[in-house]
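Going left to right, the sequence shown walks through residues 391 to 888 as our numbering numbers them.
What follows is a single structure, written as structure tokens, with notes after it.
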Amino acid sequence: MGIFKKLKQLTTLNKDIENADASLVKLKSEIHSIDSKLEKNKELLENQELMIEKFSKEFQEKNNETRLKIIEDAISESEKIKKESDEYATLISSQFHETVKNNEELSIKNEELKKENTKLLRQGRKWRADIQFIKTLSSSAKFTIDDDELYNKVKETLSEEHLLDTISNLHLHSDDSKELRKLSTATKKEITNILSKYEKNYTTKTNKTIYALIVIGLQAEIKILMYNLTFNKISESKDKLEEIIHKFLIIAGEGNQSILPTITKFLLEIQPLYSELLDIEYKYFIYREREKEEQRLLKEQMKQEAEERKAMEAERKKLEVEEGKYKTEIEKNSLLLENEADAEKARQLQLRIQELQTQLSSVEDKKEEIASLALGKAGYVYVISNIGSFGDGIFKIGMTRRLEPQQRIDELGSASVPFKFDVHAFIFSDDAVGLEYKLHQMLNQNRVNKVNLRKEFFKVDIEKIENIVEDIDPTASFNKTILAQEYRQSIALSENQI
Numbered sequence: 391m392g393i394f395k396k397l398k399q400l401t402t403l404n405k406d407i408e409n410a411d412a413s414l415v416k417l418k419s420e421i422h423s424i425d426s427k428l429e430k431n432k433e434l435l436e437n438q439e440l441m442i443e444k445f446s447k448e449f450q451e452k453n454n455e456t457r458l459k460i461i462e463d464a465i466s467e468s469e470k471i472k473k474e475s476d477e478y479a480t481l482i483s484s485q486f487h488e489t490v491k492n493n494e495e496l497s498i499k500n501e502e503l504k505k506e507n508t509k510l511l512r513q514g515r516k517w518r519a520d521i522q523f524i525k526t527l528s529s530s531a532k533f534t535i536d537d538d539e540l541y542n543k544v545k546e547t548l549s550e551e552h553l554l555d556t557i558s559n560l561h562l563h564s565d566d567s568k569e570l571r572k573l574s575t576a577t578k579k580e581i582t583n584i585l586s587k588y589e590k591n592y593t594t595k596t597n598k599t600i601y602a603l604i605v606i607g608l609q610a611e612i613k614i615l616m617y618n619l620t621f622n623k624i625s626e627s628k629d630k631l632e633e634i635i636h637k638f639l640i641i642a643g644e645g646n647q648s649i650l651p652t653i654t655k656f657l658l659e660i661q662p663l664y665s666e667l668l669d670i671e672y673k674y675f676i677y678r679e680r681e682k683e684e685q686r687l688l689k690e691q692m693k694q695e696a697e698e699r700k701a702m703e704a705e706r707k708k709l710e711v712e713e714g715k716y717k718t719e720i721e722k723n724s725l726l727l728e729n730e731a732d733a734e735k736a737r738q739l740q741l742r743i744q745e746l747q748t749q750l751s752s753v754e755d756k757k758e759e760i761a762s763l764a765l766g767k768a769g770y771v772y773v774i775s776n777i778g779s780f781g782d783g784i785f786k787i788g789m790t791r792r793l794e795p796q797q798r799i800d801e802l803g804s805a806s807v808p809f810k811f812d813v814h815a816f817i818f819s820d821d822a823v824g825l826e827y828k829l830h831q832m833l834n835q836n837r838v839n840k841v842n843l844r845k846e847f848f849k850v851d852i853e854k855i856e857n858i859v860e861d862i863d864p865t866a867s868f869n870k871t872i873l874a875q876e877y878r879q880s881i882a883l884s885e886n887q888i
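Right, dumping it as structure tokens:
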């Protein structure tokens, strides 16, 4: 009985062992299957890494090719624009020499007119003495000379010298301008009409002679006044005109009282026309001054652009050297990575390559920026102020092609002004010239100098400028704070000294 029980237990144990062996075989099979899947996944992963590396390399190569093409195109375009700029500079130089030649011719002509002026001045002095003589005669009840003799003498002299219409025939500087010549011709015609109208008012030969001599003296002095007119002297010339008219009113008042009312009316009627003629002539000097200023600014701009191109070219060459170094270093580390078996060293090499590629990308971006600036229109529009130098609410809006626009602001705040400028905005634009022009047009009514448009100062609220800048470029940063640090410190020091 005990043996059968043991056999039964042994049989049960054998079955358990068989079941355990079957389970073990099954587990081994599952483990093998898992190992197989892991191996396959590992292989797929390695293939994916290789493909990613391949695609990354191809993308980098294509990206580099695209960048190089953009840079090469930009350099080519830059050289083309440089050539056009040189041709334009040659043209400007030619025009400048032509202007110098014209100025020399005008100078010669001016000398001739001065000689004529001297001649007329002598003649005017002669007739001034005659006016005094006639004034004495007209106030006397009896005449000691024959009226006909004096009248014929004056008439003969007037006919020879054409002194009665000297202003009508006077060649003014403004006659060189079609627009101004039209205005001066109309004014001269009115003057001639007035002269003729009042000449008909006198019936006696004596009164006609007195009138003619007054006109001769007046015309001679007006002609001298016109010749002596220069830029920034219009107020002085207007005051001189007042003095001339007043002087002839006194002469008329001390002479023949019978013609005093008409002579007074004549002088007061013709004075505004002489004043108008002065204004027309002065416009010529304003135009000339504006042309001189524009030529000076054009030369300054050409010089500045040449310096900027030189600086950009030097920066471009410097970046090309850096670019070459980074590429060499990347190739060197890539070769080391291919042959590196140690996983940790390989990881460090990969990190180093990524760092070098980031630095290379930064250099290439700078090269693209230089290429863009070299195209001629790209640059920065700046908004700056200087309370200590120009007062509150005055802003300068200009443009620079400098890579570092602050350098241009530092130049503006050099020895020419007592304090540094505050910067309120730098706006980068592919068409900075057009953007600057647009801002100037929008603020045209706020110009400080309405004659010389190259003076880029505007009297305007800072909020208005901020709104305009935000409308043009919402991403632009605008600083409303006006520090005026040096100015405020100077005021504080002055107050402390008191």
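Note that CB positions come from ideal geometry on N, CA and C, so glycine has one too.
*Going by CA-CA distance only, name the one from Q685, L585, K598, V771 that's closest to L657.*
Locating residue 657 in the sequence shown gives position 267, counting from the first residue. Checked all of Q685, L585, K598, V771; the closest Cα to L657 is L585.
*Ignore the nearest five residues each way along the sequence and tell me which others in D566's own chain have a CB closer than 8 Å to its CB.*
The sequence position of residue 566 within the sequence shown is 176, counting from 1. Counting only Cβ-Cβ distances below 8 Å, and skipping sequence neighbours, we find Y674.
*Decide if L527 is buried, meaning its Cβ has at least 16 other Cβ atoms within 10 Å, or exposed.*
Residue mapping note: residue 527 aligns to position 137 of the sequence shown, counting from 1. Caution applies to L527, whose pLDDT of 45 falls short of 50 and renders its modelled position unreliable; the model cannot decide the point.
*Taking the Cβ atom as the reference point for each residue, do I760 and L793 lie within a distance shorter than 8 Å?*
Taking the first residue of the sequence shown as 1, we reach residue 760 at position 370. Taking the first residue of the sequence shown as 1, we reach residue 793 at position 403. Yes, they are a contact pair.
_Residues sharing a beta bridge with D406, DSSP_ = Within the sequence shown, the letter at position 16 stands for residue 406. None, per the DSSP bridge assignment.
*On the premise that L825 lies in contact with I862, defined as a C-beta separation below 8 Å, what is that separation, rounded to the nearest angstrom?*
Here the question's residue 862 lines up with position 472 in the sequence shown. Here the question's residue 825 lines up with position 435 in the sequence shown. Yes, they are in contact, since the Cβ atoms of I862 and L825 sit about 7 Å apart, within 8 Å.
*Going by beta carbon distance, what residues of the same chain come within less than 8 Å of L709, once the five residues before and after it are set aside?*
The count along the sequence shown starts at 1 and reaches residue 709 at position 319. Result list for L709: V753, K756, K757, I760, in chain order.
*Measure the C-alpha to C-alpha separation of E853 and N869 and round it to an integer number of angstroms.*
On the sequence shown, position 463 is the one that residue 853 refers to. On the sequence shown, position 479 is the one that residue 869 refers to. Their Cα atoms are separated by approximately 10 Å.
*K722 (DSSP reduced to helix, strand or coil)*: Counting from 1 along the sequence shown, the entry for residue 722 is found at position 332. Helix at K722.
*Distance, E420 Cα to I407 Cα*: Within the sequence shown, the letter at position 17 stands for residue 407. Within the sequence shown, the letter at position 30 stands for residue 420. C-alpha separation (whole angstroms): 20 Å.
*In or out: V415 buried (at least 16 other Cβ within 10 Å) or exposed?*
Walking along the sequence shown from the start, residue 415 turns up at place 25. So V415 counts as exposed.
_Pair within 8 Å by beta-carbon distance, F621 and E569_ = Here residue 621 is taken as the residue at index 231 of the sequence shown, counted from 1. Here residue 569 is taken as the residue at index 179 of the sequence shown, counted from 1. Taking 8 Å as the Cβ cut-off, F621 and E569 do not qualify as a contacting pair.
*Buried or exposed: where does P795 fall if 16 or more other Cβ atoms within 10 Å of its Cβ makes it buried?*
Within the sequence shown, the letter at position 405 stands for residue 795. Buried, because 16 or more other Cβ atoms sit within 10 Å of the Cβ of P795.
*asked:* With distance defined between alpha-carbon atoms, name the residue in I634, A696, R686 nearest to R791.
replied: For this step, residue 791 is matched to residue 401 along the sequence shown. Looking at the Cα atoms, A696 is the closest of the given residues.
*Look at the alpha carbon of I901 and the alpha carbon of K623, and state the distance between them as a whole number of angstroms.*
Because the chain in this structure spans residues 391 to 888, residue 901 falls outside the shown range and cannot be described.
*In chain order, which alpha helix (DSSP H) runs of at least 4 residues are fully inside the segment 765 to 794?*
777 to 780
*Three-state secondary structure assigned by DSSP to K849*: Along the sequence shown, read from residue 1 onward, the residue named residue 849 stands at position 459. Looking at K849 - three-state DSSP - the assignment turns out to be strand.
*Are three or more beta carbon pairs between the segment 626 to 639 and the segment 572 to 586 nearer than 8 Å?*
no
*Buried or exposed: Y772, going by 16 or more other Cβ atoms within 10 Å of its Cβ?*
Numbered from 1 along the sequence shown, position 382 holds the residue referred to as residue 772. Burial call: buried.
_Residues near E683 in its chain [Cβ-Cβ closer than 7 Å; skip 5 each side]_ = As a first step, residue 683 is located in the sequence shown; it is residue number 293 there, counting from the start. Closer than 7 Å at the Cβ level, and outside the excluded window around E683, lie N842, R844.
*Which residues mark the beginning and the end of the alpha helix (DSSP H) in which F638 is found?*
Against the sequence shown, residue 638 aligns to sequence position 248. Run containing F638: 624 to 644, per the alpha helix (DSSP H) assignment.
*When we look at the beta-carbon of I855 and count the other beta-carbons within 10 Å, is it buried (16 or more) or exposed?*
Taking the sequence shown and counting its residues from 1, the one referred to as residue 855 is at position 465. The residue is buried, with at least 16 neighbouring Cβ atoms inside 10 Å.
*asked:* My output table needs one value for S426: the three-state DSSP class, helix, strand or coil.
replied: Residue 426 sits at position 36 when you count from the first residue of the sequence shown. It is helical.
_At 4 residues or longer, what runs of the alpha helix (DSSP H) sit wholly inside the segment 565 to 611?_
568 to 589
_Given 8 Å, three or more beta-carbon pairs between the segment 775 to 782 and the segment 798 to 813_ = yes
*Taking buried to mean at least 16 other C-beta atoms within 10 Å of its own C-beta, is T577 buried or exposed?*
For the purposes of this step, residue 577 is identified with residue 187 of the sequence shown, where counting begins at 1. It counts as buried.
*Where R742 and L428 are concerned, what is the direct C-alpha to C-alpha distance, given to the nearest angstrom?*
Here residue 742 is taken as the residue at index 352 of the sequence shown, counted from 1. Here residue 428 is taken as the residue at index 38 of the sequence shown, counted from 1. Rounded to the nearest angstrom, the two C-alpha atoms are 31 Å apart.
*Distance, Cα to Cα, S549 vs A602?*
Residue mapping note: residue 549 aligns to position 159 of the sequence shown, counting from 1. Residue mapping note: residue 602 aligns to position 212 of the sequence shown, counting from 1. For S549, the pLDDT reaches just 48, beneath the cut-off of 50, and the residue's location in the model is therefore unreliable, although a value from the coordinates is still provided. In a straight line, the C-alpha of S549 is about 12 Å away from that of A602.
*Taking all protein chains shown into account, decide if I660 is buried (16 or more other Cβ within 10 angstroms of its Cβ) or exposed.*
Taking the first residue of the sequence shown as 1, we reach residue 660 at position 270. Classification of I660: buried, given that the 10 Å Cβ count is 16 or more.
*What's the C-alpha gap between T596 and L608?*
Locating residue 596 in the sequence shown gives position 206, counting from the first residue. Locating residue 608 in the sequence shown gives position 218, counting from the first residue. Going from the Cα of T596 to the Cα of L608 covers about 18 Å.
*Who are I817's beta bridge partners in DSSP?*
On the sequence shown, residue 817 is found 427 positions in, with the first residue counted as 1. Answer is V771, bridged to I817.
_A822, enclosing alpha helix (DSSP H) - first and last residue_ = Translated into positions along the sequence shown, residue 822 becomes position 432. 822 to 832 is the span of the alpha helix (DSSP H), which, as asked, contains A822.
*Run the CB neighbour count on Y827, radius 10 Å, all protein chains shown included, and call it buried at 16 or more, exposed below.*
The residue you call residue 827 lines up with position 437 of the sequence shown. The residue in question, Y827, is exposed, as its Cβ has fewer than 16 Cβ neighbours within 10 Å.
*asked:* Do L750 and K707 count as a contact pair if the criterion is CB distance below 8 Å?
replied: Within the sequence shown, numbered from 1, the residue matching residue 707 stands at position 317. Within the sequence shown, numbered from 1, the residue matching residue 750 stands at position 360. Cβ atoms of K707 and L750: not closer than 8 Å.
*Under the rule that 16 or more other beta-carbon atoms within 10 Å means buried, what is T402, buried or exposed?*
Position 12 of the sequence shown, counted from the start, is the residue given in the question as residue 402. Exposed: under 16 other Cβ atoms inside 10 Å.
*Might you give, ordered along the chain, the residues of its own chain that have their beta carbon closer than 8 Å to the beta carbon of L663, omitting 5 neighbours on each side?*
Counting from one through the sequence shown, the residue named residue 663 turns up at place 273. Correct list, in chain order: T577, E580, I581, I584.
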